[in-house]
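Chains as they are written, first to last, in full-length UniProt numbering: chain A, 1 to 659; chain B, 1 to 659.
What follows is the structure, encoded as structure tokens:
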């Protein structure tokens, strides 16, 4: 700890933030000015990190959940010496291409652990990081994995449902190394928090089993002492930091405008006088900068000791640790899937879609020890627990997180695990409930995190639970999302192929969609390659002449397309069936491949037990579609398919009409 | 209250439920068997209702939030004498076409107040109903509006984020006539609640300002006494009803399988012995049925007195009350919009999209006193408060609900208001955060509720807050939803037209999407009709010969299309611009109209600052698209439009390439 009085260090954050926001002409000063002392306490006295190696696996994680206060983070990264966040970046805050974007954007090499902005996501990511840490600590021991996860959080994150889910679940799981610093400034965008909340937030945390400490958020020593207490307590901790929003801008501080009211030169001038900061814009006096830089080197000894421990590991153990940290897949995983595929093609039995995925994941469990699965209270019907045991407050070796009926925090937890590294993160629920999880799925796609979002009950085929549980628009809504792969396998063979592709994918999330009902086998011959890898392929080519009709289908409707093809063939119509498990992969193929598969120039009819929305690009202007035109209904699956006309007869009819 | 011992009344619920579930071969017995006594206490001693007039405006509302327990509700409706829920319906539980669907499906004429199933929605709807009641009570007095809202709720609803948001906000708003009965059975689908929750749920409610009463959920008198206390308390009340899931099925009760484990004949037989119920399946002894039917007539005197009070109202007041209850629009609303449109066309100023909507809503406020607006802590940037004042614990006359950063409960609150009736429900936030609200929006579409979901910040045009705040896939994801109108007006005139259409729409929700940035006027001449009513129309026809190019656009990109048209015209290319504010309305038009507007046979290029997904149906196989192919970025709006190539030059280029 520097001997220098700490207050100027906090003020360095303040003025970098004020200057950057002034230069940008907009921004949110409330958080950097209100949390400057809290951040100073954490970064100069507690946080274990190494700006020279931002992705050190055993670093403490820091998540700015109130992401609009991004200048707080950028100031800290610059001051502590992250090479990529120089003054040039600070000065381009909010300009296109700057590392200092409006909200923090995931970039571990810059020291930005996750993208934050949509409220509540950050603390839920932090929760996921703390779960990952506990799991890896149990696996590798405290010599290799032993760090805290800190998150700064405002009132908004705690009002959001996802925040509340996190509070409840983190308390239940007793994640003692998760520490939140709440910016208790009693102001939100609308004004006083009295407008929308009356409850005692401290008590709400205590009810959930958290350790809560009240502290003056502008007293660096007090915050530091509270952090010390928090680190020692076996419960997750919440520091309720009483603070003044926008502190230092006399005209706005403590008021609604403190959040992001426009700053003027006169505000900065007045703040310089008020806080005794005579320095020019963007100028941090040498002595203060060097104190900050030494804070950035505080963990050097720990860092070297950790490196030495890793180096001293038996070579096999070290290789495994490094493999898992790097997110590389282990030897043998592909063979597991290959064997499964071969067997599935040979046996060719109808099986419930989601059970197939469960079985595949069960087989992967022994070769993929870094796998963790979260599930939102649907263990039995989604079947992805299998040989795993539960991750609990008492057993950190468990890999299955019973999330309760809390889909949103489940998804964000998986994002946090993936961002943390060392965990292969999967979560499971029904497809209809993906809407509850969707904001987290969007964040995974935006960050490019390789989370696997698994869903069961993918259509009206789930039957009598009715339209609330029957996705019809959800495939389209997920396919519309950039950087999201949506995979809907037709049978066990395709399921194994899709899982192979999903396992390989590192640049973004995969949504794996499975039927509740039994899927008749459509791939009865084992082939060496992975046909699903190209997104769509000709499953059954037209026989007896030039192709006249191309039937396109996914998932459970591929079998319907095959049945329709058989009828059309019987009528002498040369018909091909194309299975399209993943549109996004298909769209990446060459124009020639796409044209050949789609059969441009032939009559095209698609069948999918979902809305047509999005299909037209594969159908052309005259193509036919057999699917849903409304929400579903409550009734037996076979009755519903008949009622909504998702049948081979309808497919034949649509094709015939166009011949 | 019947003099008959009440226990057999509860058992009538039990056996109807067991018999129906047995006949269906599936279902969830946990709730009807576990909450039979609670329901009996409520329906035979407290609930104000009239099975002969299920939509009596001043009835107490009852919401089964744990909707999987639907047989509880159907049993109650049959027993108390709702004409549409006869034994024939009970016997067709879960069959296609039955009123007794897998989960309750919105049908006020049957006594089903809202669709429930996705957990947490029901209690949030109930909360919205209680808000509506308080608002209407303030407006019309207790003689006309004075009822309670009861909701049954399980552990799942309370674990969900939306449930937590509701607890916090309902406590804050001190909705004393909202009463929850929590089925505290300590079991969820995965097994013991110990798997996923440790907090004291009672305390969690108390922290939020609720009145909590502990009660034995199988003691009808105790539950009844607790309900009496609840009704008298000025705080919202939660009865923590200790209960045994699936009570009566000895093999399953109190266990995980109690929830929905398959029932067999032997289970029913054993239950008949255990509970002393010798009657045949579906048989309710006359004496018990008649006790239930008198319970159904308990409120007759109140009903008649209420009718008399309504009849005695001064005719103008009565007409207004009946108009509002019926959801009919008042005189004068259309003139307000007409005047606005005329002025907007004449003045033709660029205005921020969301401010235009705010202004329109501000003008409607005096003629539409039933309007309520919820907003998720974005009052200033979404601008829909205007002349309204806040609905608070102290002031029930306020029409603006500061929801805090709680989008999910906001949406479900609006659904509850709309289902309640008497309120024109609107809610507002940023479009990127619609994902947080989406599960509620889906329920509005599914139920066909006329909620107006208003959004601002509809594209990269919001600028430097970056990709977390920039919708690119969200228009598509909402357009994919059945029965949802998505409207994206291009300027102030179209905004007024779209609001006109949205105001008229009673059969489902409307999503109104507005830009943050200024929209240059594209409609500079006042026309009598509402051009947006057909969803899409030719804004600027090709001049100087046969149309060669058709440019399609929505919202802020219509101006870009017009600029491209000017350039193409200068090159001698006859180009039309089509504005498409609402796809769903356009899709309802005749094939001829659609073909003429789209200009089949011409070169078609669409421009929208969003993903292409969904556009192909209007573009044909050779159409061009200018828009987003990825998430956005942080930077000034004009830089982003240039960077992502959403410019008139690109539109011209795409058109030219195809000529």
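Idealized CB from N, CA, C, for every residue including glycine.
query	result
Bridge partner(s) assigned by DSSP for residue 605/A	551/A, 624/A
Under the three-state DSSP convention, the category residue 221/A falls into	helix
Residues of its chain near residue 627/A, where Cβ-Cβ distance is below 7 angstroms and the 5 sequence neighbours each way are ignored	607, 608, 609, 610, 611, 612, 646
Given residue 556/A as reference, the closest of 398/A, 443/A, 289/A, 351/A once Cα atoms are compared	351/A
Segment contact flag, the segment 182–191 of chain A with the segment 185–202 of chain B, C-beta cutoff 8 angstroms, min 3 pairs	no
Proximity winner among 371/B, 456/B, 393/B, relative to residue 383/B (alpha-carbon distances)	456/B
Residue 586/B, buried or exposed, once every other Cβ within 10 Å from all chains shown has been counted against 16	buried
CA nearest to the CA of residue 62/A, picked from 124/A, 33/A, 243/A, 356/A	124/A
Selected residue, minimal CA-CA separation from residue 153/B, among 243/B, 80/B, 653/B	243/B
Cβ of residue 374/B within 7 angstroms of any chain A Cβ	no
For residue 299/B and residue 227/B, the rounded distance between their alpha carbons	17 angstroms
Whole-Å CB distance - residue 38/A paired with residue 241/A, under 8 angstroms assumed	5 angstroms
Any chain B beta carbon closer than 7 angstroms to residue 408/A	yes
Against chain A: residues of the segment 412–446 of chain B by CB proximity under 8 angstroms	432, 433, 435, 436, 438, 439, 442, 443, 445, 446
Beta-carbon proximity check, residue 563/B vs residue 553/B, cutoff 7 angstroms	no
Spatial distance of residue 8/B from residue 269/B (CA atoms)	17 angstroms
Buried/exposed call for residue 497/A, threshold 16 Cβ in 10 Å	buried
Best match in 17/A, 131/A, 118/A, 103/A for proximity to residue 399/A [C-alpha to C-alpha]	131/A
According to DSSP, residues forming a beta bridge with residue 182/B	153/B, 240/B
Coarse secondary structure for residue 611/B, derived from DSSP in three states	strand
Contact with chain A by residue 1/B, beta-carbon distance below 7 angstroms	Below a pLDDT of 50, predicted positions are generally treated as unreliable, and residue 1/B, at 40, falls in that range; no measurement from the model is reported.
Where the alpha helix (DSSP H) through residue 498/B begins and ends	492–504
Distance, residue 250/B Cα to residue 632/B Cα	58 angstroms
Euclidean distance between Cα positions of residue 605/A and residue 616/A	10 angstroms
Proximal chain A residues relative to residue 119/B, where beta-carbon distance stays under 7 angstroms	405
Proximal chain A residues relative to residue 477/B, where beta-carbon distance stays under 7 angstroms	477, 480
Reference residue 493/A; option with closest CA among 137/A, 102/A, 97/A, 356/A	356/A
Three-state class that DSSP yields for residue 1/B in the structure shown	Note that residue 1/B scores a pLDDT of 40, beneath 50, so its modelled location is shaky; the value from the coordinates is reported in the next line. Coil at residue 1/B, not helix or strand.
Interface positions of the segment 480–506 of chain B facing chain A (Cβ-Cβ less than 9 angstroms), listed along the chain	480, 481, 482, 483, 484
Residue 336/A, DSSP secondary structure in three states	helix
CB contact below 7 angstroms: residue 19/B versus chain A	no
Reference residue 546/A; option with closest CA among 573/A, 363/A, 594/A	573/A
Supposed close pair residue 26/B, residue 464/A - CB separation, criterion 8 angstroms	7 angstroms
Neighbour flag for residue 639/A against chain B, beta carbons, 7 angstroms	yes
Meets three-Cβ-pair contact criterion under 8 angstroms: the segment 81–98 of chain B and the segment 135–150 of chain B	no
Chain B contact for residue 213/A (CB, 7 angstroms cutoff)	no
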